[in-house]
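Participant:
Written as structure tokens, this is what we have:
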């Protein structure tokens, strides 16, 4: 009867719980619900199963032991939960919750919990160990909870009464008569009009007359009426999970997340032995672009069937084989994984029945989720290992990776004649057990699956020792010494915070959040108004008592996202090699973040911080700081007044001299595309139609003034050509040339930093020799300088020019212009004292001259911050060397720079 | 007075498994109603009604198409004209099928247990969505037009309970309705007027109740149901006001009393201010809203239970069990009283709340929060009123409990705690709430 399982070398064992009593009986009767749970470690593997019609079964070493359940009640077990492998909580359809102590091969009943309210089935249970409280989710949409459950019973023994408030009526007989199965019910205890109960089911009867001794021997707990949260949801409460939030590092708060058939997710917290609703996470209420249209306003939310928390990510299984990924940092929906779109399913189950029944992960490596859905278990790699299948990956236009191998069926060839489903899975250590609806239980070995993702150790002790000796950090302070910094950075780098990888972005923000708290700052999180990416604000208040009065407000901006790595997974591991840190984002911008926050925190811890320092971290910088300005504007908390703004994502001009940056060019990336109706063949169609490529060439040649190396757009270049550099700048430029840094000439510097430029960065058309493509496009990257008109103005001029030219063509094709990216140029006030102070500090730390530089690149955030804080002085503090290879393969950051930045920032901030 | 039963499932169920076979099936309830011990007349014998939505089988027309094609090939008739004619017919057929969205309805005024047609029909019919109702008339004559469920295009509706003193406000009540919906009312029951009001409100919210595809969505239906209840609540207050006014006048205004006949005086004296009992069920053929409501803060509404699971199986003759294999409901039963005696299978719907059954059988439960809402979930409402109205059992547990009011043995201490008045069920419910809205 068992299904055929092949190709699964990792199948350890399977059990079949078919009961072939009578072949004439309906098949659905044969198999009643089994529930299972794995307890114990991987070597003393123990499975607890419940066969609802009879009793519990414990499987130890593949042998089944039946455990007599003295409280047999014909009820189905609907949920089980264990605590520390010592206690077992079981929720049943008879509205009772049973608490067992797990012995070697038996279960000892400790408590039976009931409520005088008719709560229906018990659907979910969660034990909050921090509060010794069991929370119970019911069919009646209410939450019940019992406090002081295990701890007090340990000391006072099972006979002691727990609920003092109820003690007046707490004699045991009373409890017995109040149990849901015993208490008088108008219907079930009724006699018919004929005066007899003859029609009452024999099963119910035996139930009611069961010997009371069994009940007397155990401790019965009534849920006190204060502990009932009526209508906690409007649907069946299917899922409960907890997580710890390290608000205060020494006392993390345990939160409870419930979700239900009404599609809502709620966060609860215990205070003074009471359960309070903290907030509702209504993902339909968001503005992330995943929101619902007006049409669907009339639709109910999708019921949440299963749930798993990998903080800060909450995975929720909903109907139609979808999994919502919600960030518990921002309470927003960040992604919906649609399993049914993955073509990994057989269609033999109707859509209605397609459900992700359970989501679990191994505690050994929770980067792989296992999802029980339909008739298979799917393996979902949170942290896709790109080394495995490089050939399968497509490179999307922005250079990000799209992996096709994120979700794979775990049980590879599984076929069944019956429409059986995977109902539940349990993972403990390296073992996965699977319960199938037709009564089979399988046990798999996961060691192979989990092995490939084990973390490599990146730093050895010797390296760290060497570091400590080399650098001028205070090694007596364990919070801020080199080792801590490197460790923090290593963890920080391991998050693949590319724009597409929302889950990693949120996880990384959560890590940063925790770290900043650990460094004693006040942290707040704001979801990005456009896409929900967390924006973090960390505040260190000035605490130097001698200088408390006139402290300044300083904003330090940085970003924790990185450009996608197109090469390999190992980019996201930190290496230390030859005095360099290596890894994606190590220089741009994660390394600087770690050294700066540690620097400020060190001052703060020593009570020597003279000025108020606010860090703002965003996660969308690499994709043009989308929504950053809107986010700042929509939160009053982000609109404090600042005297100085410091940014650190930029580089020295060379590798030797420290630099300060006071100018950036603006950018306008424009895609020009010409679109026809279809592909044309040069033979059959040539000469008849307007051709996309020809049109595009015409536009481009009209736009570009090759002779003067400029654009044929009136007003693009103004009289700036004639404008000479001011005296100061000439001096700076000459200083740079004198040092020989970057091997530049005055000519190149002037062109690179003070003149506009344009480049054609991509051209797309046909790849066939005789095919005229349906669409052809060109991407122009135009850099602008402050002496020109503003970027928005230039944008208008350029698009008008192109559109007018296209009109001349009188073509049948369509022209499309798309602005991919834009940022205004920026020129800082290098005469301000911040530049003077910074220059002096850099000089003293690096023992070298400081160069004042500009850059040819662009940072959109600069202008955003300038607009938000028009009175603040902005300075860019470059920290990496020119050879850092930011955005490229093998990004690195010199250790010396990493540690010196900490010192520089400390000194600069304190002197401002 | 009445009993109803609702089935909604992913798979069609044979109606006999609900209507006739189970121990306490609705047919059995019609002569052995456990929760209404109106011992004089414990039977719901004044007719019954059944509405079931046909299972959609779009494949039928395609199958026919296929078989015709084969036939054509056999006869070697490659007649394009015929082909086009055929597809035209097919289109018409599809169109017609789209229009026929409403349920099949079967009503009779004979007692349900005696109806041979019903027995055979139930044996031969399967449906995914069924409403059934047995009636014990208290209001309105015995006629098929007075039998529930009521239907308007895709919408089906039934009621268990009654609008208090409806006679006093019926004319004004109906006056509120648009002509179109006024004309729905063919019989003489308060229930049908409530249905007309429901449809009227649905229309006033901007939805065309006659639209062929139905499917207004559970959110809309719930909103409309809430509004319907709140409007009926208003009329109940109006009706009770009239009753109280008449009584007050009778006692204090001799002039008024002198003009009345003895019968009229007696009628006024016997009339009472009462809450309305509004257990409604409505469906648009896709989702279902059921209310359990009483316009009183201390009384219990007529009984209502639900049961859900994966399969409803017959363990042995007449003994059915609700099986649950996984979390998702494959079927839902809602019934005025359980149709089996399996305690664990049934959950009472709390008084003054709305139960929603979604298209995919997900159940939602919303409290109706108004002046009659009880915040304390353990508050024990007085079932005396519903009992007297024949809506709720008042059966002593075997012989142990005598008739002095200490009936609810298991909850006696809670009663002392929360509602002292329960011990004196003789006090009319509205008086015990001291609702002196008149004077």
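Residue numbers (the numbering used here), protein chains in the order written: chain A, 11 to 922; chain B, 11 to 449.
Ideal placement from N, C-alpha and C gives every residue a C-beta, glycine not left out.
Source: prediction; values computed, not measured.
Helix, strand or coil for residue 214 of chain A, going by three-state DSSP, please let me know.
Facilitator: In the first chain, counting from the first residue as 1, residue 214 of chain A sits at position 204. Below a pLDDT of 50, predicted positions are generally treated as unreliable, and residue 214 of chain A, at 38, falls in that range; no measurement from the model is reported.
Participant: Quick check on the DSSP output: the alpha helix (DSSP H) that includes residue 333 of chain B runs from which residue to which?
Facilitator: Taking the first residue of the second chain as position 1, residue 333 of chain B is located at position 323. No alpha helix (DSSP H) contains residue 333 of chain B, which is instead part of the beta strand (DSSP E) from 329-333.
Participant: Our contact map puts residue 208 of chain B next to residue 234 of chain B with C-beta atoms below 8 Å; I'd like the distance itself, whole angstroms only.
Facilitator: On the second chain, residue 208 of chain B is found 198 positions in, with the first residue counted as 1. On the second chain, residue 234 of chain B is found 224 positions in, with the first residue counted as 1. Confirmed, about 6 Å.
Participant: State the Cα-Cα distance for the pair residue 742 of chain A and residue 564 of chain A, rounded to the nearest angstrom.
Facilitator: Here residue 742 of chain A corresponds to residue number 732 of the first chain, with the count starting at 1. Here residue 564 of chain A corresponds to residue number 554 of the first chain, with the count starting at 1. Residue 564 of chain A has its alpha-carbon roughly 27 Å from the corresponding atom of residue 742 of chain A.
Participant: Taking beta-carbon pairs under 8 Å, can you tell me which members of the stretch 198-224 of chain B lie near chain C?
Facilitator: Absent from the structure is chain C; the protein chains it does hold are A and B.
Participant: Go to residue 321 of chain B, then tell me how far its alpha helix (DSSP H) extends in each direction, as first and last residue.
Facilitator: Taking the second chain and counting its residues from 1, the one referred to as residue 321 of chain B is at position 311. Note, residue 321 of chain B: premise wrong, no alpha helix (DSSP H); beta strand (DSSP E) at 321-326.
Participant: In three-state terms, what does DSSP make of residue 602 of chain A?
Facilitator: Position 592 of the first chain holds residue 602 of chain A. In the structure shown, residue 602 of chain A sits in a helix (DSSP, three-state: H, G or I).
Participant: Can you grab the Cα-Cα spacing for the pair residue 368 of chain B / residue 346 of chain B, in whole Å?
Facilitator: Position 358 of the second chain, counting from 1, holds the residue named residue 368 of chain B. Position 336 of the second chain, counting from 1, holds the residue named residue 346 of chain B. Each residue's alpha carbon lies about 20 Å from the other.
Participant: To the nearest whole angstrom, what separates the beta carbons of residue 203 of chain B and residue 238 of chain B, a pair I think is in contact under 8 Å?
Facilitator: Counted from its first residue, the second chain places residue 203 of chain B at position 193. Counted from its first residue, the second chain places residue 238 of chain B at position 228. Not quite, the Cβ-Cβ distance comes to about 11 Å (not below 8 Å), so this is no contact.
Participant: Can you pull out the residues from the stretch 342-353 of chain B whose beta carbon lies closer than 8 Å to at least one beta carbon of chain A?
Facilitator: Taking a C-beta cut-off of 8 Å against chain A, the contacting residues of the stretch 342-353 of chain B are 347, 348, 350, 351, 352 and 353, listed in chain order.
Participant: Under a Cβ-count criterion, where at least 16 other Cβ atoms within 10 Å of its own Cβ denotes burial, should residue 641 of chain A be classed as buried or exposed?
Facilitator: Here the question's residue 641 of chain A lines up with position 631 in the first chain. Label assigned to residue 641 of chain A: buried.
Participant: What alpha helix (DSSP H) runs, 4 residues minimum, are completely inside the stretch 783-825 of chain A?
Facilitator: 801-819
Participant: Taking a contact to mean a Cβ-Cβ separation below 8 Å, would you say residue 499 of chain A touches residue 600 of chain A in this structure?
Facilitator: Along the first chain, one-based indexing puts residue 499 of chain A at 489. Along the first chain, one-based indexing puts residue 600 of chain A at 590. Yes, they are a contact pair.
Participant: What is the DSSP secondary structure of residue 488 of chain A, counted as helix, strand or coil?
Facilitator: Start at 1 with the first residue of the first chain, and residue 488 of chain A comes out as number 478. Coil at residue 488 of chain A, not helix or strand.
Participant: Chain A partners of residue 387 of chain B, CB-CB under 7 Å?
Facilitator: Locating residue 387 of chain B in the second chain gives position 377, counting from the first residue. Per Cβ cutoff of 7 Å: 127, 152, 238 and 240.
Participant: Evaluate contact between the stretch 316-329 of chain B and the stretch 381-399 of chain B, counting only Cβ atoms and requiring at least three cross-stretch pairs below 8 Å.
Facilitator: no
Participant: Can you tell me the Cα-Cα spacing of residue 61 of chain B and residue 182 of chain B, whole angstroms?
Facilitator: Here residue 61 of chain B corresponds to residue number 51 of the second chain, with the count starting at 1. Here residue 182 of chain B corresponds to residue number 172 of the second chain, with the count starting at 1. Rounded to whole angstroms, residue 61 of chain B to residue 182 of chain B spans 30 Å at the Cα level.
Participant: Starting from residue 981 of chain A, follow the alpha helix (DSSP H) in both directions and report where the run begins and ends.
Facilitator: For chain A, the structure presents residues 11 to 922; residue 981 of chain A sits outside this window and is missing.
Participant: Note down, in chain order, all residues in the stretch 132-157 of chain A with a beta-carbon under 8 Å from any beta-carbon belonging to chain B.
Facilitator: 133, 149, 150, 151 and 152
Participant: So with CB distances below 7 Å, who are the chain B contacts of residue 244 of chain A?
Facilitator: As a working mapping, residue 244 of chain A is identified with position 234 in the first chain. Within 7 Å Cβ-Cβ: 374, 375 and 376.
Participant: Less than 8 Å between the C-beta atoms of residue 58 of chain B and residue 118 of chain B, yes or no?
Facilitator: For the purposes of this step, residue 58 of chain B is taken as residue 48 along the second chain, with counting starting at 1. For the purposes of this step, residue 118 of chain B is taken as residue 108 along the second chain, with counting starting at 1. The answer is yes: Cβ separation under 8 Å.
Participant: Per DSSP, what kind of secondary structure is residue 458 of chain A in: helix, strand or coil?
Facilitator: Numbered from its first residue, the first chain carries residue 458 of chain A at position 448. If DSSP states are grouped into helix, strand and coil, residue 458 of chain A belongs with the helices.
Participant: Are any of the Cβ atoms in chain B nearer than 8 Å to that of residue 367 of chain A?
Facilitator: What you label residue 367 of chain A is simply residue 357 of the first chain in a count that begins at 1. Yes - at least one Cβ of chain B is within 8 Å of the one on residue 367 of chain A.
Participant: Would you report the Cα separation of residue 10 of chain B and residue 232 of chain A, rounded to the nearest angstrom?
Facilitator: The question about residue 10 of chain B has no answer, for chain B in this structure spans 11 to 449.
Participant: Is residue 335 of chain B close to chain A, meaning its C-beta is less than 8 Å from at least one C-beta of that chain?
Facilitator: The residue labelled residue 335 of chain B in the question sits at position 325 within the second chain. Chain A, which has a Cβ nearer than 8 Å to the Cβ of residue 335 of chain B, makes this yes.
Participant: For the ligand NAD, any of its heavy atoms closer than 7 Å to the Cβ of residue 341 of chain B?
Facilitator: Summarising the ligand content, the structure contains no ligands, and the ligand NAD is consequently not present.
Participant: So what does DSSP say about residue 649 of chain A, is it helix, strand or coil?
Facilitator: Taking the first chain and counting its residues from 1, one reaches residue 649 of chain A at position 639. In the three-state reduction of the DSSP assignment, residue 649 of chain A falls in the coil class, being assigned neither a helical nor a strand state.
Participant: DSSP three-state call for residue 864 of chain A: helix, strand or coil?
Facilitator: Looking up residue 864 of chain A in the first chain gives position 854. Strand, per DSSP.
Participant: Would you say residue 18 of chain B and residue 332 of chain B are within 8 Å of each other, going by their C-beta atoms?
Facilitator: One-based indexing of the second chain puts residue 18 of chain B at position 8. One-based indexing of the second chain puts residue 332 of chain B at position 322. No, these two residues do not count as a Cβ contact at 8 Å.
Participant: Candidates A:273, A:309, A:453 and A:511: which alpha carbon is nearest residue 391 of chain A's?
Facilitator: For the purposes of this step, residue 391 of chain A is taken as the residue at position 381 of the first chain. Answer by Cα proximity: A:511.
Participant: Rounded to whole angstroms, what is the Cα-Cα separation between residue 909 of chain A and residue 534 of chain A?
Facilitator: Taking the first chain and counting its residues from 1, one reaches residue 909 of chain A at position 899. Taking the first chain and counting its residues from 1, one reaches residue 534 of chain A at position 524. When rounded, the distance between both Cα atoms is 27 Å.
Participant: Are there 16 or more other CB atoms within 10 angstroms of the CB of residue 206 of chain A, so buried, or fewer, so exposed?
Facilitator: Here the question's residue 206 of chain A lines up with position 196 in the first chain. Its pLDDT being 45, under 50, residue 206 of chain A is placed unreliably in this model, and the value from its coordinates should be taken loosely. The residue in question, residue 206 of chain A, is exposed, as its Cβ has fewer than 16 Cβ neighbours within 10 Å.
Participant: Taking C-beta to C-beta, are residue 546 of chain A and residue 522 of chain A nearer than 8 Å?
Facilitator: Counted from its first residue, the first chain places residue 546 of chain A at position 536. Counted from its first residue, the first chain places residue 522 of chain A at position 512. Contact flag set, yes.
Participant: Measuring alpha carbon to alpha carbon, tell me which residue in A:134, A:436 and A:607 is nearest residue 381 of chain A.
Facilitator: Within the first chain, the letter at position 371 stands for residue 381 of chain A. Measuring from the Cα of residue 381 of chain A, the nearest candidate turns out to be A:436.
Participant: When you compare the CB of residue 276 of chain A with every CB in chain B, is at least one pair closer than 8 Å?
Facilitator: Residue numbering aside, residue 276 of chain A sits at position 266 when the first chain is read from its first letter. Using a CB distance cut-off of 8 Å, residue 276 of chain A does not count as an interface residue toward chain B.
Participant: By Cβ distance below 8 Å, which residues in the same chain neighbour residue 260 of chain B in space, the five residues on each side in sequence not counted?
Facilitator: Here residue 260 of chain B refers to the residue found at position 250 when the second chain is read from its first residue. These residues qualify, in order along the chain: 266, 267, 270, 275, 278 and 279.
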